[in-house]
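In the UniProt record's numbering, the protein residues as written are 1 to 1096.
Every residue, glycine too, gets a C-beta built ideally from N, C-alpha and C.
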């Protein structure tokens, strides 16, 4: 022993222990690291002296715990920047009645009283891991989590408060205090001036804690609602309701804390999930019981995942199987003397309660020795662990033992107890939170594991994944005892829904967002749900922010900066983007993944949990976030227009609205209309220049129209027109407005807008827009019956396009001719124009135009009777669309191909084509096209005899068609559903609705399916007159250009009706044979009525 230690002991009237310190080679380097267990091992049996030595050691080591076994070294706080954003718990301890107490005392006595109060409060706060921020008059301000967070800072503060109240009466003179506790995000920094600077924390949590303290009376601890929420079932006390606090904008709900549930005794919610884990651990219990062999099982998981709850369920199951269950916990703070994990296990094995007095405990120890549970030589070690006074002779022997001898004796004692108790019943020994254990405690439990190898005992321990200390070295100390580790994953979505319904009283409220954010973690889900009323969507409850912060504190500063930068990029991110943000520093991806906070998925990185990303993001200052978002926007400029815009938005850049405009334009070109709409709406919510606002409104109108909501689109166009200032703006707006008005059959409004657009285009010399004016005008004239004007307008569009040398505009004009004739049912003429458009687009590589016109050509040829060529065109259109990822053309192409396949009676292939079309339409949000695919699918399911499926599909088709443009496929969706039903009244209602839509004007392809469907329904019901009425309507609407397919359908209906009226078999007539020959000649194997009697 050095002279320094001898002198240190002498200064504290402890010189009698100098020989003991010398024997154990304790010098000034070792002294600050001594723990209570070490003093016991050294043979210092007097409790009072042990306490005096530990208090003196506290002054050396600063944060040593005088009343617990020494914890595993906490991670060294990383050097903090000048200012740090932290989630903390703040506590104010205010001495009550100080003025009255010190009245009559002189200044020195008053000073001594105050110092005794500070000494008592400060030591308790530091014992629980808190930091003394300052002394303010007769109050203490303490912060938990200032430099290094723990996952249970709120619990630490609450327990410290209760201990402070318990200590006050023992002071001289007896004192009382009142305490307030709150949590929140603060700025921890140095504040002041050149003259004076101090380090402190600033934020709402500090102000709230101070105001709460003012509300507490002597002896009370009041806590904020978020503290009550974080403590959960551990909280004991009463609700004080909402209280208006000075300086706080809204009333705060306060709670009076009176107790904290003991470790492991807090009530738990119903057990949900973990079937596999329970099965594995039940099987382990059965093996132990049946084969008298011991096993070690370790349950691993992140904080809040349910390790303790699973252990409790296993304990209950084991108890039912005849096991004796013994529990202990390794605590990271606040373990009172006599409550170390080893002591708790020994007490449990003996059946000793913590509240038992010394006499009861001693009598139990006597019985254990007398019954042969322990050897006589082990009694000295049992007394030490139970903190019983040793007999005079034994005390001297124990004091003279070296540490190794004491450890061997203690381990032999525990082994004897386990052997004795397991002879009566199999044992389940549970050790919670082994990740907090010191090396000495870990070694002791390795010995426990070794001792149960041939006994009916199960050792079950819980640990965090990122702090699991049971490595290969530890396992080697167990000498081959079976060991298995179970890593808990998150609960499934369905299990989370059960949790919210049965435990959190969620009712019918939508919990999907909370479940998604919680990622299967029950604690996170509970905290998010209970905090929902007081938090914004992107906020985290303080309890979760604290958990994330504690994990960030445990990693190196460079890794922490990397994870914070990564949080700016979102839940998933590319390593290249992260490198750009950190340049010139290069991210250590291996360190990131080893931390358990991120996962390497090969082509991208992902946060291990969404809330880790959210918590990391919230730990950044706003200025840091803005700078990182700005750097991210630079990276995404060449990679993703949408992400570039969003990062500019988050950076607060004035460039964000224009960036959103560019991103939305790209999405529209890719037919991703639903994705473009929210970007435009977000941009309009920003501070936007008038010019950009007009462009945003106009593009928003276009996006909404392309999703089948032309009335809403008109509103946006009108808003844009009110703010337009230039001819270019007027032209763009009214071109878009004309198309929306046309789709709502407001033809005159559309023509008026085109007039404005034409004037603006001519004034500005914009021939490209002029061509579009003529093209749209032609499409309006057709349904108005102004055929000559329509042709003239399309001719002008074609003329301007060719004068400009714009192949794309020329293709558009040719396609416009095709669309116009198609809408009027002139399929042969439409096919001719579509064919020209395809051949004009091919040489210039306009693949989207080729695909778009090919699918129109396919269906026009099919309806014209050239079904096999229609199938060929459809197949090519699908292939081109897939090759160039043109999803909307693929959607339409699959439908057109399906029509041809149906008429060729290739029903299975047709069902597949329609199904794929519906899926693509659903994926891109093209509701009208999805409705078209579904109505064809429903009709074809009827042909295939799949009536239940047809009814479901048909109802989906009708709902979608009527909601997203009834004039497009509304009538034929209604008739397809009617085919699938067998209720005449419902069929009649649907068909009447279809007739009404046709009367208002609709696309011509409706006629080719609605009327044949209606005829088929009436034929099936033997309502011959009504069948003929629908056939006559089809003939009347067919116009001048009669289609062979329509003619065959009309002949088929009339033949069936005539034979039906005469009760004559159809097949026996010469007309039937002639009809069959004509179907065969066209290559049609299934008619529009759905039958194959003639077409087959």
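Checklist entry - The alpha helix (DSSP H) spanning residue 988 covers which residue range? => result Counted as a single uninterrupted DSSP element, the alpha helix (DSSP H) harbouring residue 988 occupies residues 984-1000.
Checklist entry - Helix or strand or just coil, what does DSSP make of residue 278? => result The answer is helix: DSSP assigns residue 278 an H, G or I state.
Next on the checklist: Alpha carbons only, please: which of 327, 233, 372, 331 is nearest the one belonging to residue 352?
Outcome noted: Considering only alpha carbons, the answer is 327.
Item to check | Three-state class that DSSP yields for residue 609 in the structure shown | outcome: Note: residue 609 maps to coil in three-state DSSP.
Next on the checklist: Taking 7 Å as the threshold (C-beta atoms), are residue 933 and residue 942 in contact?
Outcome noted: It is not a contact, given that the beta carbons lie outside the stated cut-off.
Checklist entry - Do you know offhand how far residue 41's Cα is from residue 612's? => result Rounded to the nearest whole angstrom, the CA to CA distance from residue 41 to residue 612 is 43 Å.
Checklist entry - If you compare alpha carbons, which of 272, 964, 1072 is closest to residue 498? => result Closest by alpha carbon: 272.
Checklist entry - Between 1081, 1052, 86, 1092, which lies nearest to residue 544 when the distance is taken from Cα to Cα? => result The shortest C-alpha separation from residue 544 is found at 86.
Next on the checklist: So for residue 816, helix, strand or coil by DSSP?
Outcome noted: Of the three classes helix, strand and coil, the one that applies to residue 816 here is helix, per DSSP.
Checklist entry - Beta carbon of residue 1112, beta carbon of residue 831: below 7 Å? => result The question about residue 1112 has no answer, for the chain in this structure spans 1 to 1096.
Checklist entry - Can the beta-carbon of residue 680 be found less than 7 Å from the beta-carbon of residue 664? => result With respect to the 7 Å criterion, residue 680 and residue 664 are classified as neighbours on the basis of their beta carbons.
Checklist entry - By the 10 Å Cβ neighbour count, where 16 or more other Cβ atoms means buried, how is residue 923 classified, buried or exposed? => result Exposed: under 16 other Cβ atoms inside 10 Å.
Next on the checklist: Would the segment 756-769 count as touching the segment 698-718 if we require 3 or more Cβ pairs under 8 Å?
Outcome noted: Contact fails: fewer than three Cβ-Cβ distances are below 8 Å.
Item to check | Close Cβ partners of residue 739 (< 7 Å) along its chain, the five nearest in sequence each way excluded | outcome: The beta carbon of residue 739 sits closer than 7 Å to those of 705, 776, all from its chain and outside the five residues before and after it, given in chain order.
Next on the checklist: List, from N- to C-terminal side, the beta strand (DSSP E) runs of 3 residues or more that fit wholly inside the UniProt domain "Guanylate cyclase" (89-213).
Outcome noted: Listed in chain order, the complete beta strand (DSSP E) runs (minimum 3 residues) inside the UniProt domain "Guanylate cyclase" (89-213) are 131-136, 139-144, 177-192, 197-202.
Item to check | Simplified DSSP state of residue 550, which is helix, strand or coil | outcome: Residue state, collapsed to three classes: helix.
Next on the checklist: Just list the residues that DSSP pairs residue 1015 with in beta bridges.
Outcome noted: None; residue 1015 has no bridge partner.
Item to check | 7 Å Cβ cutoff met for residue 979 and residue 1013 | outcome: Yes.
Item to check | Beta carbon of residue 180 nearer than 7 Å to that of residue 136 | outcome: No, Cβ-Cβ distance for residue 180 and residue 136 is not below 7 Å.
Item to check | Straight-line Cα distance separating residue 442 from residue 73 | outcome: Interpretation of residue 73 is limited by its pLDDT of 40, a score under 50 that renders its predicted location unreliable; the figure taken from the coordinates is listed afterwards. Answer to the nearest angstrom: the Cα atoms are 13 Å apart.
Next on the checklist: So, under 8 Å CB-CB, residue 294 and residue 455 are touching, yes? Tell me the CB distance rounded to an integer number of Å.
Outcome noted: Yes, residue 294 and residue 455 are in contact; Cβ-Cβ is about 5 Å, under 8 Å.
Item to check | Start and end residues, beta strand (DSSP E) containing residue 325 | outcome: In the DSSP annotation of this structure, the continuous segment of the beta strand (DSSP E) that includes residue 325 starts and ends at 324-329.
Item to check | Beta-carbon proximity check, residue 940 vs residue 974, cutoff 7 Å | outcome: Not closer than 7 Å, so no.
Item to check | Residue environment, residue 214, which counts as buried when at least 16 other CB atoms sit within 10 Å | outcome: By the 10 Å Cβ count, residue 214 comes out exposed.
Next on the checklist: Could you tell me the alpha carbon to alpha carbon distance between residue 186 and residue 205, rounded to whole angstroms?
Outcome noted: Rounded to the nearest whole angstrom, the CA to CA distance from residue 186 to residue 205 is 7 Å.
Next on the checklist: Quick check on residue 21: does DSSP put it in helix, strand or coil?
Outcome noted: In this structure, residue 21 counts as helix in the three-state DSSP scheme.
Next on the checklist: Going by DSSP in three states, residue 302 sits in which element: helix, strand or coil?
Outcome noted: Residue state, collapsed to three classes: coil.
Checklist entry - To which residues of the same chain is residue 1022 closer than 8 Å at the C-beta, ignoring the five residues directly before and after it? => result Around residue 1022: 1060.
Checklist entry - What is the DSSP secondary structure of residue 12, counted as helix, strand or coil? => result Residue 12: coil per DSSP, three-state reduction.
Next on the checklist: I need the straight-line Cα distance from residue 144 to residue 132, nearest angstrom please.
Outcome noted: Taking the straight line from one Cα to the other gives about 9 Å.
Item to check | residue 986 classed as buried or exposed, judged by whether at least 16 other C-beta atoms fall within 10 angstroms | outcome: Residue 986 should be labelled exposed.
Checklist entry - DSSP puts residue 381 in a beta bridge; with which residues? => result Paired residue(s): none; residue 381 is not in a bridge.
Item to check | Span separating the alpha-carbon of residue 1041 from that of residue 863 | outcome: Between the alpha carbons of residue 1041 and residue 863 lies a distance of about 12 Å.
Item to check | Alpha carbon of residue 579 to alpha carbon of residue 519, nearest angstrom | outcome: Annotation: residue 579 to residue 519 spans about 27 Å, alpha carbon to alpha carbon.
Checklist entry - Across which residues does DSSP place residue 85 in a beta bridge pair? => result Per DSSP, the beta bridge partners of residue 85 are 187.
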